[in-house]
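Residue numbers (our numbering): 1069 to 1333. Ideal Cβ positions, reconstructed from N, Cα and C, are used throughout, including at glycine. Note that the coordinates shown come from a computational prediction; the quantities given were computed from them, not determined experimentally. Reviewing the structure listed below.
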C-alpha cells in the first residue's frame, strides 16, 4: 500500500462533489446520487469514506443504514478506486476503516452485493475481511449492453469478528472430504449428491480474470455454469466463505470454498 494515502470520513459538499466525480468516472452508466441525499445519509447513520493522496480523492466508499425483521445493519452500496491506484490495498484500507466506523456507531453487520465472477473483490471481501455469502441473486439489476445477466452474491459481514477465515488455507484437495467441481465441461452443472453428502468443503471454479474474457459465448458459459452450482449449494444451506488464488497448477482458475452452514453456527 502507498504510505501517503489517508482514509477519512466525507461529509462536506466540496468533498462530496469530488467523490461524485470519481464515482461518475468509475461507473459512467450508473445514475447520479444527489449531494443533498449523500450529506443527509452521512449525518444519519451512513458512512461515506474517501481515500486521499495529497488531498486528491483516489478512492471512496458509500454506505447507508438498512432495516429488516427488526434488525438494523449497514448496506455497502459502492466502493471504488481509481485505476492508477489499484493493487495498492486501498480497497482493503477503506473496508477496515468502515468496520471501525460501523462498530463505533453500534452496527454488528454490513451487507452488500458483488459480482460472483470477479475474483479481486471476492478475495478482498471473503478471504481478507471474513464475509460470507448465503444468497445468490439472479438478474439482480437491469441488464446492461453486453446482455450478460447481472447476477450478484449477497455478502454478510459480521464485523464483531475481527479475524477473517483462513481455514481454506489448510485444505488438502487429495482427501475425500473436499469436492472439487470440474470446470472443463461446463454443460455438466449438476452437483453429485453422493459426493456432496460426504464432503466438508466444495471448491467452485471461476476465471482468475473474468474481465479479460472477450468472447460472449465464454462469459455466458461461465455465468450459467456457476449460477447453477451456487444456486444448488446455497439452497442446500451451504455458504461460500473464501477464495483460493494460485493454489493449483492452472493459474487461470481460482476456486471459491463453500461449507455446510450448520457446521459453523
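In this structure, residue 1128 lies near residue 1087, with their beta-carbon atoms less than 8 Å apart. By the criterion of a C-beta distance shorter than 6 Å, residue 1120 is surrounded in its chain by 1074, once the five residues flanking it on both sides are discounted. By the C-beta density criterion, residue 1178 is buried, having at least 16 other C-beta atoms within 10 angstroms. Excluding five sequence positions before and after residue 1306, the CB atoms of its chain that fall closer than 6 Å to its own CB belong to 1326 and 1328, given in chain order. Among the bridge pairs identified by DSSP, residue 1310 is matched with 1325. Remark: C-beta atoms of residue 1134 and residue 1147 do not approach each other more closely than 8 Å. Between residue 1275 and residue 1185 the beta-carbon gap is near 7 Å, inside 8 Å, which marks them as a contact. With 16 or more other Cβ atoms inside 10 Å of its own Cβ, residue 1083 counts as buried.
Counting the other Cβ atoms within 10 Å of the Cβ of residue 1167 gives 16 or more, which makes it buried.
Per DSSP, reduced to three states, the secondary structure at residue 1109 is helical. Between the C-alpha atoms of residue 1169 and residue 1140 there is a straight-line separation of about 15 Å.
Within the DSSP bridge table, the entry for residue 1225 names 1178 as partners.
Under the three-state reduction of DSSP output, residue 1151 falls in the helix class. Assignment of residue 1144 by DSSP, reduced to helix, strand and coil, places it in the strand class.
For residue 1076, the enclosing beta strand (DSSP E) stretches over residues 1073-1077. Taking residue 1162 as reference, the option from 1115, 1219, 1265 and 1293 with the minimal CA-CA separation is 1115.
According to the DSSP secondary-structure assignment, residue 1132 is paired through a beta bridge with 1143. Cβ-Cβ separation between residue 1295 and residue 1176: approximately 30 Å, too far for a contact (criterion under 8 Å). For residue 1256, the secondary structure class from DSSP, reduced to helix, strand or coil, is coil. Residues 1216 of the same chain have their beta carbon placed closer than 7 Å to that of residue 1288, with the five preceding and five following residues left out of the count. Bounds of the alpha helix (DSSP H) holding residue 1081 are 1081-1094. Nearest neighbour of residue 1226 by Cα position, chosen from 1174, 1250, 1245 and 1254, turns out to be 1174. Each of 1290, 1245, 1285 and 1281 was checked against the Cα of residue 1268, and the nearest Cα belongs to 1245.
Exclusion of the five residues before and after residue 1180 leaves 1144 and 1223 as the residues of its chain whose Cβ lies within less than 6 Å of its Cβ. Going by DSSP, residue 1186 is part of no beta strand (DSSP E) at all; its letter is neither H nor E. As the crow flies, the alpha-carbon of residue 1256 is around 8 Å from that of residue 1293.
In this structure residue 1300 touches residue 1259 by the C-beta definition: roughly 5 Å separates them, less than 8 Å.
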